[in-house]
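Position one of the sequence shown corresponds to residue 439 (the working numbering), numbered consecutively onward. For reference, the structure is listed below as structure tokens.
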Amino acid sequence: MIIDRQSGWLDVAEILPSPNYDDRLDENDISGIVIHNISLPPGQFGGGWITDLFLNRLDPNAHPYFAEIAHLKVSAHLLIRRDGLIQQFVPFHKRAWHAGVSCWEGRERCNDFTIGIELEGDDETAFTEVQYLQLAAVSRALLSSYPLLSEQRITGHEHIAPGRKTDPGPHFDWPRYKQLLQA
Ligand SMILES: [Zn+2]
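Dropping the structure here:
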């Protein structure tokens, strides 16, 4: 996988530009990766609803839960679906709106300096094999493209927003992921 640092897009990703982003305070300060999970409706996989949410086109009438969230302006840089498809919504040098109120090692507003990667999944279900492989591959591409990133600068949403967020959750296998990173 190759990242075009000029455009900020990943070569293998399906590009779906989201309006939900703005400028980083410092475009060169890309110094962390935040792993998430998301499913829409919660606990269901395979629909196009996550994409719709990030593109501000979620139909509030399609599911009772959607009425609660359709107004949200959120995004992530990447979504890795259950089948391994990678979608990219925001160029890496721009600020995606994925972490919300957050604090990482004393530094708040983690969206400023992180890349957000969503895995299609939830807190009750194992992630798929191909999701780990794709996540590891894209992580390696990011680490080799942005010099402030490192293996130590990868965390979960639950760790930077404890008490408020639980993702990627107990089924995300951190040792396995870290092992694949080195493969
Ligand atoms: Zn999250």
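Glycine included, each C-beta is placed from N, C-alpha and C at the ideal position.
Hey, which residues come within less than 5 Å of ligand 1, measuring from Cβ to any heavy atom, in chain order? 474, 595, 605
DSSP beta-bridge partners of residue 472: 554, 593
Kindly indicate the opening and closing residues of the beta strand (DSSP E) around residue 478. Segment: none, residue 478 is in no beta strand (DSSP E) and carries neither H nor E.
Please classify residue 614: is it buried, with 16 or more other beta-carbons within 10 angstroms of its beta-carbon, or exposed? exposed
Within its chain, find whatever has a CB closer than 6 Å to the CB of residue 527; leave out the 5 residues flanking it on each side and keep chain order. 454, 456, 492, 513
N- and C-terminal bounds of the alpha helix (DSSP H) containing residue 459: Run containing residue 459: none in the alpha helix (DSSP H); it sits in the beta strand (DSSP E), 459–461.
Between residue 443 and residue 579, what straight-line distance do the alpha-carbon atoms span, to the nearest angstrom? 11 Å
Cβ contact (3+ pairs, closer than 8 Å) linking the segment 554–564 and the segment 471–491: yes
Specify the secondary structure class of residue 546 as computed by DSSP and reduced to three states. strand
Would DSSP call residue 598 helix, strand or coil? Three-state result, residue 598: helix.
Please state whether DSSP places residue 441 in a helix, a strand or coil. strand
With DSSP as the reference, label residue 520 as helix, strand or coil. Three-state DSSP puts residue 520 in coil, outside helix and strand.
Cut-off 6 Å between Cβ atoms - residues of its own chain near residue 479, not counting five sequence neighbours on either side: 501, 503
My output table needs one value for residue 465: the three-state DSSP class, helix, strand or coil. coil
Under 8 Å Cβ to Cβ from residue 451, same chain only, skipping five residues before and after it: list those, please. 516, 524, 525, 526
Three-state secondary structure assigned by DSSP to residue 526: strand
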